[in-house]
Amino acid sequence: MNVIDNDVRLLAVMRRYFSVKKELADLKSSLEEKRKAAGIAVGEFYHVCAESEHANDVSRTVRLRREMDFLMSLAESWARGDIINLDTSAN
11 MNVIDNDVRL LAVMRRYFSV KKELADLKSS LEEKRKAAGI AVGEFYHVCA
61 ESEHANDVSR TVRLRREMDF LMSLAESWAR GDIINLDTSA N
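Final position of the sequence shown in our numbering is 101; the numbers increase by one with none missing.
Listed below in C-alpha coordinates is the structure:
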(Lines of atoms letter the chains of each structure in order from A and count residues from 1; the text may use other names and numbers.)
(Lines give C-alpha, C1' and ligand atoms only; values in the text may rest on other atoms or scores of the structure.)
Protein backbone atom coordinates (compact mmCIF):
# COMPACT_ATOMS: atom_id res chain seq x y z
CA MET A 1 0.00 0.00 0.00
CA ASN A 2 1.30 3.44 -0.81
CA VAL A 3 1.36 6.40 1.54
CA ILE A 4 -1.46 8.24 -0.25
CA ASP A 5 -3.85 5.28 0.15
CA ASN A 6 -3.05 5.09 3.85
CA ASP A 7 -3.59 8.85 4.20
CA VAL A 8 -6.99 8.49 2.54
CA ARG A 9 -7.84 5.80 5.09
CA LEU A 10 -6.81 8.17 7.88
CA LEU A 11 -9.19 10.78 6.47
CA ALA A 12 -12.02 8.22 6.54
CA VAL A 13 -11.16 7.30 10.14
CA MET A 14 -11.12 10.92 11.24
CA ARG A 15 -14.38 11.73 9.45
CA ARG A 16 -16.02 8.85 11.28
CA TYR A 17 -14.40 9.91 14.57
CA PHE A 18 -15.85 13.42 14.37
CA SER A 19 -19.22 12.10 13.25
CA VAL A 20 -19.34 9.77 16.27
CA LYS A 21 -18.13 12.58 18.52
CA LYS A 22 -21.03 14.80 17.42
CA GLU A 23 -23.53 11.97 17.78
CA LEU A 24 -22.25 11.28 21.30
CA ALA A 25 -22.42 14.96 22.29
CA ASP A 26 -25.99 15.23 20.99
CA LEU A 27 -27.03 12.03 22.76
CA LYS A 28 -25.44 13.10 26.04
CA SER A 29 -27.12 16.49 25.83
CA SER A 30 -30.50 14.89 25.17
CA LEU A 31 -30.09 12.44 28.03
CA GLU A 32 -29.08 15.17 30.43
CA GLU A 33 -32.09 17.29 29.46
CA LYS A 34 -34.37 14.28 30.09
CA ARG A 35 -32.69 13.57 33.42
CA LYS A 36 -33.08 17.13 34.63
CA ALA A 37 -36.71 17.31 33.44
CA ALA A 38 -37.47 14.10 35.34
CA GLY A 39 -35.63 15.31 38.45
CA ILE A 40 -33.71 12.03 38.73
CA ALA A 41 -30.29 11.80 40.38
CA VAL A 42 -27.33 11.25 38.04
CA GLY A 43 -26.39 7.84 39.48
CA GLU A 44 -29.92 6.55 39.27
CA PHE A 45 -30.61 7.88 35.77
CA TYR A 46 -27.39 6.58 34.21
CA HIS A 47 -27.43 3.15 35.90
CA VAL A 48 -27.80 0.80 32.92
CA CYS A 49 -28.88 -2.19 34.99
CA ALA A 50 -31.96 -0.34 36.23
CA GLU A 51 -35.20 -0.74 34.33
CA SER A 52 -35.02 2.66 32.72
CA GLU A 53 -36.64 3.84 29.54
CA HIS A 54 -33.28 5.50 28.76
CA ALA A 55 -31.05 2.44 29.36
CA ASN A 56 -30.57 1.81 25.63
CA ASP A 57 -29.42 5.39 25.05
CA VAL A 58 -27.08 5.22 28.05
CA SER A 59 -25.61 1.97 26.70
CA ARG A 60 -25.26 3.61 23.30
CA THR A 61 -23.08 6.35 24.82
CA VAL A 62 -20.72 3.63 26.05
CA ARG A 63 -20.57 2.02 22.60
CA LEU A 64 -19.90 5.39 20.95
CA ARG A 65 -17.06 6.13 23.38
CA ARG A 66 -15.54 2.72 22.60
CA GLU A 67 -15.78 3.41 18.90
CA MET A 68 -14.08 6.78 19.37
CA ASP A 69 -11.28 5.11 21.34
CA PHE A 70 -10.86 2.51 18.59
CA LEU A 71 -10.80 5.13 15.83
CA MET A 72 -8.24 7.19 17.72
CA SER A 73 -6.08 4.09 18.12
CA LEU A 74 -6.14 3.69 14.32
CA ALA A 75 -5.06 7.32 13.91
CA GLU A 76 -2.28 6.82 16.46
CA SER A 77 -1.06 3.73 14.63
CA TRP A 78 -1.02 5.76 11.39
CA ALA A 79 1.18 8.33 13.16
CA ARG A 80 3.62 5.53 13.97
CA GLY A 81 3.75 4.61 10.28
CA ASP A 82 1.42 1.60 10.45
CA ILE A 83 -1.09 0.73 7.76
CA ILE A 84 -4.70 1.45 8.75
CA ASN A 85 -6.86 -1.65 8.39
CA LEU A 86 -10.47 -0.55 7.89
CA ASP A 87 -11.75 -4.13 7.97
CA THR A 88 -11.36 -4.37 11.75
CA SER A 89 -14.12 -3.48 14.16
CA ALA A 90 -14.35 -1.59 17.45
CA ASN A 91 -16.34 -4.42 19.03
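Even for Gly, the Cβ is constructed at its ideal location relative to N, Cα and C.
Give me the Cα-Cα distance between residue i and residue j, rounded to the nearest whole angstrom.
i   : j   : result
N66 : V58 : 8 Å
M78 : S39 : 17 Å
A60 : E54 : 8 Å
R70 : D97 : 22 Å
D36 : S83 : 23 Å
L41 : H64 : 8 Å
V23 : E43 : 30 Å
Could you name the residues of the same chain whose beta carbon sits closer than 7 Å to that of residue i, not counting the 5 residues immediately before and after it, in chain order?
i   : result
I93 : M11, N16
CB-CB under 6 Å to residue i, same chain, minus the five flanking residues each way: which ones, in chain order?
i   : result
V30 : L74, E77, M78
Ordered list of alpha helix (DSSP H) runs contained in the segment 17 to 82, each at least 4 residues: Complete alpha helix (DSSP H) runs here, min 4: 52 to 55.
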